[in-house]
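*Asks:*
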């Protein structure tokens, strides 16, 4: 995982062994209080189930709760529903969260996106 490559445990605490890990920490993480690091990540889905699974996982507490953006029903493998109705309702909220994260960077280097091409998460 990216957190492991940077020497972070599941609580966001640095336990690494290399100065290079700390020097590059700001590429993916923001420093929070208590010497903890929080991923600069926005998690989006049309249904809450996947977000619940992330929160319940070993790294669930690492993410900012405000950066989880999700709908309530999903698209049911229907592209048009996901694009024109369910997804359209989330767009403004997603853009706001992405904008907030981007504006919090000193030098934005880019975006790394992972998504499903054929439906399902």
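In the working numbering, the protein residues as written are 1151 to 1271.
We put the CB at the ideal spot given by N, CA and C, even for glycine.
No experiment lies behind these values; they were computed from the predicted model shown.
1) Could you check the C-alpha separation between residue 1210 and residue 1262 for me, to the nearest Å?
2) Less than 8 Å separating the beta-carbons of residue 1193 and residue 1201?
3) For residue 1227, name the three-state secondary structure that DSSP assigns.
4) Exposed or buried, what is residue 1225 when buried is set at 16 or more other beta-carbons lying within 10 Å of its beta-carbon?
5) Can you pull the DSSP bridge partners for residue 1180?
6) When you compare only the Cα positions, how much space is there between residue 1157 and residue 1247?
7) Hey, residue 1223 and residue 1253: beta-carbon distance below 8 Å or not?
8) Identify every run of the beta strand (DSSP E) within the region 1194-1252, keeping only runs that are complete inside it and at least 3 residues long; order them along the chain.
9) Give the secondary structure of residue 1267 by DSSP, where H, G and I count as helix, E and B as strand, and everything else as coil.
10) Answer with buried or exposed for residue 1216, where buried requires no fewer than 16 other C-beta atoms within 10 angstroms of its C-beta.
*Replies:* Quick answer:
1) 19 Å
2) yes
3) coil
4) buried
5) 1188
6) 26 Å
7) Judged by beta-carbon spacing, residue 1253 lies beyond the 8 Å limit of residue 1223, meaning their Cβ atoms are not closer than that value.
8) If we require 3 residues or more, the beta strand (DSSP E) runs fully inside the region 1194-1252 come out as 1218-1220.
9) coil
10) exposed
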